[in-house]
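With mature numbering (1 follows the signal peptide of the UniProt record, and there is no 0) applied, the sequence shown corresponds to residues -29 to -1, 1 to 427, in that order.
From the three backbone atoms N, C-alpha and C, an ideal C-beta is built for every residue, glycine too.
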Amino acid sequence: VIMSPAIWKWTCLVSHLLLSATVSPLGRQQPLHPKRPFVSFTGEQAEGNFNHLVVDERTGHIYLGAVNRIYKLSSDLKVLVTHQTGPDEDNPKCYPPRIVQTCNEPLMPTNNINKMLLIDYKENRLIACGSLYQGICKLLRLDDLFKLGEPFHKKEHYLSGVNESGSVFGVIVSYSNMDDKLFIATAVDGKPEYFPTISSRKLTKNSEADGMFAYVFHDEFVASMIKIPSDTFTIIPDFDIYYIYGFSSGNFVYFLTLQPEMISPPGSTTKEQVYTSKLVRLCKEDTAFNSYVEVPIGCEKNGVEYRLLQAAYLSKAGAILARSLGVGPEDDILFTVFSKGQKRKMKSLDESALCIFVLKKINDRIKDRLQSCYRGEGTLDLAWLKVKDIPCSSALLTIDDNFCGLDMNAPLGVSSMVRGLPIYTEDRDRMTSVIAYVYKNHSLAFVGTKSGKLKK
């Protein structure tokens, strides 16, 4: 999630706000209260924005990814440890990076922008990936941020050279009797020959193991990854997939994305570029990515379309919301923030909506699509990956809730959009972040806004 510095300040304060501050309930203006002394943390001025924040659920310690630094903070925002990650001499055109072989491009002092920050609870380490050297990652010990490993000598160690902080998302899938997996999704910035847009990697116990970040499966024909075909860039020159959020649930891993596509407006024969928000689903155990399915998502209220995904968060329904939605209290609910329209990715309009999706209903839509495709109905409908329409092939088999695909009819797209339920709209101060949890059977959502306000 990309947030302004003001939003990040609120994010850092959120635990204190919940304990001691009165925040504005959604849809109702509160009288102003006297200023209260909040604990705060300010990094080095030269660093610019903070990029990512994760909290250790066991200790309450906060890990903050910034430009050229990783911080470990106490729960009351005191600095415990600082780990420097940059700047260093680099050039984004150096591939492989200069730390592997000599680069003929001119080198210059380059900031290291933190692009991904994940806690690996099983091995008590922090995975911190930056923008230097085509996107290599460090594995840092949680206690003192000591560097346990920094694999960089193989091409699978370079996640992406994109220097935007909101361009990479990772999801760890843990196992009790084997090494964990790391699903990585990233923008590729026009370099599909270097970087897969989505892949599953080995997360070895030994931080210095040769197989760290290797693809879960890789042979001459099949690998645990998907690359954007070069033909796609002839149709949409600036095509990329931007990953806003990711999570695992049940047998699947999910990513929420924003991606450009060409459509013909009603009554027009010419095509124009718009952005579509999509949910991507993969089976955790699918090493060939035959289970890849994506479905468009969006929201509408009073005739206004909200289609540009800004943020998302997975929570449970809770007893009260569950009753109104006709689901169980432990069912997964996606809280999402969309801005108005489809045409302005980088300059989103201020009108925004908070919408909820029942994950089971999205999965039901995917199952219906899989069943119809295996009856031979329609095409694979995935324009960016299959430049030509490929018809679905008929096959006699049972497709249940946990179907993980075959080497036919895959990857697959769902054409009809799944619409979320709008629960709040904001016309002036665009919502940019969201978090939710269940408290005393109530499902509570907190949203951050462009101006730095926190709303409950």
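DSSP state of residue i mapped onto helix, strand, coil
i	result
K338	helix
K421	coil
E127	helix
Q313	coil
Y214	strand
Y66	coil
H413	strand
K162	coil
I333	helix
residue 429	With the chain represented from -29 up to 427, any question about residue 429 goes unanswered, as that position is not in the structure.
S343	helix
Y42	strand
V25	strand
K93	helix
L78	coil
Y263	coil
Q281	strand
Q55	strand
Q72	coil
K427	coil
L320	coil
L368	coil
L325	strand
L305	strand
L88	strand
G274	coil
A407	strand
Pair within 7 Å by beta-carbon distance, residue i and residue j
i	j	result
residue 428	I333	The displayed coordinates of the chain run from -29 to 427. Any statement about residue 428 would go beyond what the structure contains.
I90	V25	yes
D160	V133	yes
residue 439	L111	Because the chain is modelled from -29 through 427, residue 439 falls outside the range shown and cannot be assessed.
V418	L356	no
C375	C254	yes
N83	G101	yes
Y213	A293	no
G36	N20	no
G384	E265	yes
I41	H54	yes
T79	P267	Note that residue 79 corresponds to Met in the displayed sequence, not to Thr. No, Cβ-Cβ distance for M79 and P267 is not below 7 Å.
S323	E397	yes
D352	S386	yes
V10	L48	yes
L88	G57	no
F154	S171	yes
L296	V251	no
Rounded Cβ spacing between residue i and residue j (contact assumed at less than 8 Å)
i	j	result
S131	F184	Actually they do not touch by this definition, with Cβ atoms about 13 Å apart.
S219	T258	Their Cβ separation, rounded to whole angstroms, is 16 Å, which puts S219 and T258 out of contact at 8 Å.
V52	L116	5 Å
N261	N373	No, N261 and N373 are not in contact; Cβ-Cβ is about 14 Å, not under 8 Å.
F309	R336	So it is not a contact: roughly 18 Å between Cβ atoms.
V187	H124	With a Cβ gap of about 19 Å, V187 and H124 do not count as contacting.
A381	Y263	6 Å
V275	K311	6 Å
G217	F140	4 Å
K176	E94	6 Å
D150	V144	Actually they do not touch by this definition, with Cβ atoms about 10 Å apart.
Cβ-heavy atom distance, residue i to the ligand HEM, below 6 Å
i	result
G347	As presented, the structure is devoid of all ligands, the ligand HEM included, so that no description of it is given.
Residue i - containing beta strand (DSSP E), residue span
i	result
T228	F223 to I234
A290	Per DSSP, A290 belongs to no beta strand (DSSP E); it is in the alpha helix (DSSP H), A290 to L296.
F140	V139 to V144
F184	F184 -> no beta strand (DSSP E), and no H or E assigned at all.
Y34	I33 to A37
P382	Taken as a continuous stretch (DSSP letters only), P382 belongs to no beta strand (DSSP E), as it is neither H nor E.
K249	E243 to C254
D151	D151 to T157
L116	Here L116 belongs to no beta strand (DSSP E), and DSSP marks it neither H nor E.
T175	Counting along the chain, T175 falls outside any beta strand (DSSP E), and DSSP gives it neither H nor E.
I394	L392 to E397
Proximity test, Cβ basis, 7 Å: residue i and chain E
i	result
I268	Reference to chain E is not applicable here, since this structure consists of a single protein chain.
Residue span of the alpha helix (DSSP H) that contains residue i, given as start and end
i	result
F204	T203 to I206
Contact between the region 398 to 417 and the region 275 to 282 (3+ Cβ pairs under 8 Å) = yes
task = Specify whether the region 284 to 299 and the region 407 to 415 touch according to this definition: at least 3 beta carbon pairs, one from each stretch, less than 8 Å apart.
result = yes
Validate contact between the region 239 to 251 and the region 351 to 367 using beta carbons, cut 8 Å, 3 pairs = no
key: contact_flag[the region 420 to 427, the region 305 to 313] where n(CB pairs < 8 Å) is 3 or more   = no
key: Stretch pair the region 226 to 242 + the region 197 to 204: three plus CB contacts closer than 8 Å   = no
task = Tell me, please, whether the region 49 to 64 touches the region 121 to 129 by the rule of three or more beta-carbon pairs shorter than 8 Å.
result = no
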